Amino acid sequence: MRGRLRRLTAGAAVTVMAACTLGAAPAAPAEAPPAYEDPALPVDERVEDLLSRMTLDDKIGQMTQVDRSALRTQSDLAAYRIGSVLSGGGSAPSPNTPQAWAEMYDSFQRTALSAPLGIPMIYGVDAVHGHNNVRGATIFPHNIGLGAARDPELVERIGRATAEEVSGTGVDWTFAPCLCVARNDRWGRTYESFGETPELPGAMTTLIDGLQGASLDAPGSILATAKHYIGDGGTTGGDQGDTELSEAELRAVHLPPFREAVKRGVGSVMVSYSSWNGVKMHGHRYLITDVLKGELGFTGFVVSDWAGVDQLDGREGFTAAEVRDAVNAGIDMVMVPHDYRRFIELLRGEVRAGRVPMERIDDANRRILAKKFELGLFENPYTDRSYTAGIGSDAHRRLAREAVRKSQVLLKNSGGALPLGKSAKVFVAGKNADDIGHQSGGWTITWQGGSGDITPGTSILEGMRSVASDPSRVVYDRHGNGIDGSYDVAVAVVGETPYAEMEGDRPGSMGLDQEDLDTLARLKASGVPVVVVLVSGRPLDIAARIGDWDALLAAWLPGTEGAGVADVLYGDYAPTGRLPVTWMRSASQQPINDGDGKDALFPFGHGLTYTGTAPDEPDDPDVPDDPDGPGHPVCTADYRVVSQWSGGFQAEVTVRNTGDAPLDGWKAEWTPPGPLTVNSVWNGTLTRTGDTVSVTGAGWNAKLAPGASATFGFTATGSPAVPAITCTGV
Ligand code: GLC
C-alpha cells in the first residue's frame with residue numbers, strides 16, 4: 018500500500034479551505050471525478066474509462082520505462098507521459114540511504130502525476146536477494162542457496178521481508194524471482210537460479226506470494242516479475258546465448274516454473290536476452306503471445322530486459338523495425354532504458370504507419386494500467402513511510418540468518434572435523450572470511466557487487482567470533498600466514514569474488530584462484546585439519562583438491578548475515594541443505610545435470626549432516642516398517658506420451674505412493690517393447706541393466722508421503738508404446 022497522502026487530496030484540501038475561510042461565494046459544485054479515479058469501480062471499468070481518455074502519446078508513454086539516471090530532465094516524466102522508472106543495478110540516489118530513496122521516489126511520482134491524466138508511474142528495481150541496491154538493507158542468500166534449503170515457506174517469508182523493505186523506499190516493483198533453470202554451471206547467472214531441475218524454481222515461486230501479498234494494494238505488497246522468459250539457463254555459449262532445444266525439451270525443462278508463477282498471479286514477466294534455436298526471445302511472438310499470454314493465460318504485463326530490444330538485429334542501438342517487432346511479439350513495456358525520446362518517436366511512427374496495430378497498443382496499456390490500479394497507485398501513490406524504518410531490521414536479519422543456516426550444504430566431513438568445538442583454537446584464512454562484499458556476491462549495492470564493508474552486516478569471521486566461547490581463540494590471516502601446529506583446526510573461507518551476468522561466465526577453468534590455492538597450501542603444510550568453506554555462486558572444480566581437506570561446506574552467497582555460516586560450523590544448527598545443482602567431477606563435464614548419467618563428484622540432492630545423513634533421511638522409529646515387506650508394490654507408475662515428433666517423443670511418468678507409510682525412495686522399472694534411446698531425463702535418475710530401464714527419485718523427490726506423487730520425464734527415440742511399469746519402494 019502506498020503512503021497516506023492521497024493523490025489529489027493535498028491540492029484539493031487547500032483549495033476548499035481557501036474558499037471557506039476567505040468567505041468567498043460558495044464554489045460551484047465540482048464536476049464528478051472521472052470514473053477511473055473511483056476506487057469503488059471494478060479495475061477493468063477504470064481501465065476502460067482511462068483508456069478512452071488517453072491520447073496515443075499517453076499510451077506510448079505508459080509502455081516506456083527509463084532508468085532514473087537517463088532522464089534528461091525530471092519534467093520529461095510528465096512531458097513524455099512516461100509510465101515507469103527503474104534503477105538498474107547500482108543506480109541509486111546519493112546519499113544511498115532509505116530516506117533518500119523515498120524522497121527520490123516521491124519526487125518522481127509528483128512529477129508523473131502532474132501530467133493531465135495524473136497516471137502514477139511505477140518504479141522497478143532488482144531486489145533479487147533483498148533490497149540489494151540500498152545500503153543498510155537486509156541481504157538474503159542468493160537463489161542457489163535458497164534452492165539448497167529446499168524450503169518454499171522460508172522463501173515466501175523472505176519475499177515478504179523484501180517487499181516491506183522495498184516499500185519503505187517507495188519502490189513498487191521488483192524484477193524477481195529469476196525462475197531460470199541453470200543447466201550449465203559455467204553460466205554467470207547460475208547463482209540466480211534455485212536449481213537445475215524445473216521443480217526447484219517452480220517450488221520457490223512462493224517468493225511471488227511473499228512479494229505480492231494477499232493483494233497488490235495490501236500494505237507492503239509490491240509487484241513481482243517472473244524472469245527471464247524463456248530458456249535463459251539452458252543456453253549454449255553462456256549468458257544471452259542460444260537455447261538449442263526441441264520444443265518438447267524447452268517445455269519440459271524451462272516452462273514449468275513460469276506456469277507455476279502465472280498460477281500464483283505474478284504481475285509481470287521479463288523477457289530473456291537469450292534466443293531459442295537462433296530466434297531472439299525479444300521478438301518471439303509464438304512464445305510470448307501464443308504460449309505465455311495465450312496457453313498459460315498470463316494477464317499481467319511483459320517487460321523487456323535492459324535494452325533487450327536493441328539486440329534483435331544484432332547491431333548497436335534500436336531501430337523502428339526492432340521496436341515494432343518487439344511490441345508486436347507481445348512486449349508491453351520496453352526497458353529502453355536511455356534514449357526514451359527516440360523510442361517514443363519511433364513507436365509513434367510505427368503505429369501511425371499501421372505497422373503496430375492500435376489493438377496491440379491498447380492491450381499493452383490495459384495490462385499495465387490494470388496492475389497500477391491493483392497496486393492502489395492511483396489512491397496512494399507515495400512512499401509508505403511506515404516501512405522505511407524497518408529496512409535492515411533485526412527481525413529481517415534474523416530471517417536472513419535462518420536462511421543462511423538452511424542453505425549450507427555439508428559435502429564432506431571426515432574425522433568429525435565439523436562441528437568445531439566452541440572453545441577450539443581456530444585459525445581462519447581466506448579472502449572470503451572477512452568480506453561482506455564477497456559473501457554477498459553480485460547485485461549488491463552495485464551491479465557487479467564489490468569487496469569489503471560495502472553495506473552493514475556480519476562477516477563469516479565475525480560470526481564465528483560471536484558464536485565461539487572465546488573470540489580471542491579465533492585468529493585470522495587472509496593468506497594463512499602464522500598458522501602452526503598449536504591450532505586445533507584451520508578454516509579456509511575461499512571461492513569466488515562477486516560478479517553478475519556475462520561478467521560471471523567461466524568458459525575456461527572453474528577451479529580456485531591462485532590466492533586460494535596458496536592459502537590452502539600453507540594451511541595444509543601445518544598439519545592441522547583443514548575445513549574449507551566455499552563462498553561461490555556455483556559448484557567449483559575441486560575434485561583434485563578435496564583429498565587434502567577434512568571437511569567441505571558449500572556456503573554459496575550468504576549475504577549480510579555471515580553468522581548463519583558460523584551457526585552451522587559450530588554445530589548450533591546441523592547442516593540440512595542439499596545440492597540444488599549437480600557438482601561436477603571436472604569442468605569438462607559441463608553441462609552436467611541430474612539424470613544425465615555422468616559421473617558427478619556429488620550428485621544433485623547430496624547433503625550430509627552431523628549424524629552422517631541428512632536429518633530427515635534417518636529411519637523414523639515411529640513409522641512402522643512396510644507391513645507388506647520390502648519390494649511389495651507400494652506405489653504405482655502411470656506412463657504417458659506427452660508429445661511426439663519425427664525425431665522422437667517425450668514421455669512423463671507419475672509415481673504415486675499408494676501405501677499408508679511414507680516412502681523413502683521409489684524405483685520405476687520397465688522393459689521397453691522395442692529399441693529405445695533415451696536422450697534426456699529430468700526429475701529422476703535413469704539406469705539401464707540389459708533391456709531393463711530403471712528410474713529412481715532425483716534426491717529431492719525420492720521421499721513420498723502416502724498419497725503423494727512425483728513426476729519424471731524423458732525424451733527418447735524409438736517406440737513410444739506404453740510399457741508395463743512396475744514401481745517398488747526402495
Ligand atoms: C539486466 C538483467 C535483468 C535485470 C535488468 C534490470 O540486464 O538481465 O535481470 O532485471 O537488467 O536491471
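Each residue of the sequence shown is one higher than the last, beginning at 18 in this note's numbering.
Backbone N, C-alpha and C define an ideal beta-carbon position, used for all residues, glycine too.
Here the structure is a predicted model, which means the values were calculated and not measured.
Between the beta-carbon of residue i and the beta-carbon of residue j, is there less than 8 Å?
{"i": "residue 469", "j": "residue 459", "result": "no"}
{"i": "residue 343", "j": "residue 300", "result": "yes"}
{"i": "residue 553", "j": "residue 578", "result": "no"}
{"i": "residue 237", "j": "residue 404", "result": "yes"}
{"i": "residue 214", "j": "residue 654", "result": "no"}
{"i": "residue 672", "j": "residue 726", "result": "yes"}
{"i": "residue 566", "j": "residue 720", "result": "no"}
{"i": "residue 434", "j": "residue 542", "result": "no"}
{"i": "residue 685", "j": "residue 731", "result": "no"}
{"i": "residue 107", "j": "residue 462", "result": "yes"}
{"i": "residue 600", "j": "residue 208", "result": "no"}
{"i": "residue 151", "j": "residue 193", "result": "no"}
{"i": "residue 212", "j": "residue 426", "result": "no"}
{"i": "residue 699", "j": "residue 278", "result": "no"}
{"i": "residue 230", "j": "residue 180", "result": "yes"}
{"i": "residue 483", "j": "residue 580", "result": "yes"}
{"i": "residue 537", "j": "residue 547", "result": "yes"}
{"i": "residue 147", "j": "residue 228", "result": "no"}
Taking the DSSP output, what are the residues bridged to residue i?
{"i": "residue 674", "result": "652"}
{"i": "residue 297", "result": "292"}
{"i": "residue 80", "result": "For residue 80, which the question treats as bridged, DSSP gives no partner whatsoever."}
{"i": "residue 684", "result": "713, 745"}
{"i": "residue 195", "result": "244"}
{"i": "residue 657", "result": "669"}
{"i": "residue 706", "result": "709"}
{"i": "residue 350", "result": "320"}
For residue i and residue j, what's the separation of their Cα atoms in angstroms?
{"i": "residue 539", "j": "residue 576", "result": "28 Å"}
{"i": "residue 481", "j": "residue 492", "result": "10 Å"}
{"i": "residue 154", "j": "residue 302", "result": "38 Å"}
{"i": "residue 162", "j": "residue 68", "result": "44 Å"}
{"i": "residue 449", "j": "residue 551", "result": "9 Å"}
{"i": "residue 432", "j": "residue 747", "result": "29 Å"}
{"i": "residue 745", "j": "residue 682", "result": "9 Å"}
{"i": "residue 225", "j": "residue 218", "result": "11 Å"}
{"i": "residue 383", "j": "residue 319", "result": "12 Å"}
{"i": "residue 314", "j": "residue 182", "result": "31 Å"}
{"i": "residue 712", "j": "residue 261", "result": "26 Å"}
{"i": "residue 472", "j": "residue 72", "result": "45 Å"}
{"i": "residue 368", "j": "residue 378", "result": "8 Å"}
{"i": "residue 63", "j": "residue 57", "result": "9 Å"}
{"i": "residue 740", "j": "residue 657", "result": "10 Å"}
{"i": "residue 611", "j": "residue 85", "result": "42 Å"}
{"i": "residue 292", "j": "residue 308", "result": "16 Å"}
{"i": "residue 743", "j": "residue 456", "result": "47 Å"}
{"i": "residue 54", "j": "residue 374", "result": "28 Å"}
{"i": "residue 326", "j": "residue 317", "result": "20 Å"}
{"i": "residue 665", "j": "residue 240", "result": "41 Å"}
{"i": "residue 255", "j": "residue 709", "result": "37 Å"}
{"i": "residue 633", "j": "residue 164", "result": "Caution is warranted here: a pLDDT of 34 is assigned to residue 633, below 50, making its placement in the model unreliable, and no coordinate value can be reported."}
{"i": "residue 324", "j": "residue 386", "result": "22 Å"}
Quick check: does the Cβ of residue i come within less than 7 Å of any heavy atom belonging to ligand 3?
{"i": "residue 245", "result": "For the structure depicted, ligand 3 is absent and the ligand set comprises only ligand 1."}
Under 8 Å, Cβ to Cβ, is there at least one residue of chain C near residue i?
{"i": "residue 743", "result": "No chain C is part of this structure, which consists of one protein chain only."}
Which full runs of the beta strand (DSSP E) of 3+ residues lie inside the stretch 132-182, going along the chain?
Segments of the beta strand (DSSP E) lying fully in the stretch 132-182: 139-142.
Quick check: the stretch 584-595 against the stretch 667-683, are at least 3 beta-carbon pairs closer than 8 Å?
No, they do not touch.
Is it true that the stretch 728-742 meets the stretch 688-696, where meeting means three or more beta-carbon pairs spaced less than 8 Å apart?
Contact between the stretch 728-742 and the stretch 688-696 is present: three or more C-beta pairs spanning the two stretches fall below 8 Å.
Are the stretch 277-296 and the stretch 333-342 in contact at 8 Å, needing three or more beta carbon pairs?
Two segments are said to touch when three or more pairs of C-beta atoms, one from each, lie closer than 8 Å; by this definition the stretch 277-296 does not touch the stretch 333-342.
Below 8 Å, how does it come out for the stretch 505-519 and the stretch 437-447: are there three or more Cβ pairs, yes or no?
Result yes; three or more Cβ-Cβ pairs closer than 8 Å.
Tell me whether the stretch 378-397 and the stretch 555-568 touch, counting them as touching only if at least three CB pairs, one residue from each stretch, are closer than 8 Å.
Proximity of the stretch 378-397 to the stretch 555-568 falls short of the contact definition, fewer than three beta-carbon pairs being nearer than 8 Å.
Within the chosen definition, does the stretch 198-206 reach the stretch 239-254 through at least 3 CB pairs nearer than 8 Å?
The answer is yes - the stretch 239-254 touches the stretch 198-206, with three or more Cβ pairs under 8 Å.
Below 8 Å, can you find three or more Cβ-Cβ pairs linking the stretch 128-148 to the stretch 186-198?
Look at the beta carbons and you see the stretch 128-148 touching the stretch 186-198: at least three pairs across the two are nearer than 8 Å.
Between the stretch 418-431 and the stretch 162-180, do at least 3 Cβ pairs fall closer than 8 Å?
Result yes; three or more Cβ-Cβ pairs closer than 8 Å.
Just checking, does the stretch 79-91 make contact with the stretch 353-366 on the three C-beta pairs under 8 Å criterion?
Touching, per the Cβ criterion.
Tell me, please, whether the stretch 111-131 touches the stretch 85-100 by the rule of three or more beta-carbon pairs shorter than 8 Å.
Taking a cut-off of 8 Å on C-beta distances, the stretch 111-131 touches the stretch 85-100, as three or more cross pairs fall below it.
Segments of 4+ residues assigned as alpha helix (DSSP H) that fall wholly inside the stretch 430-471
Qualifying alpha helix (DSSP H) stretches, in chain order: 453-457.
Continuous alpha helix (DSSP H) assignments of at least 4 residues falling wholly in the stretch 469-522:
If we require 4 residues or more, the alpha helix (DSSP H) runs fully inside the stretch 469-522 come out as 477-484.
Could you pull out every unbroken beta strand (DSSP E) segment of at least 3 residues lying fully inside the stretch 559-626, listed in chain order?
You should have 568-571.
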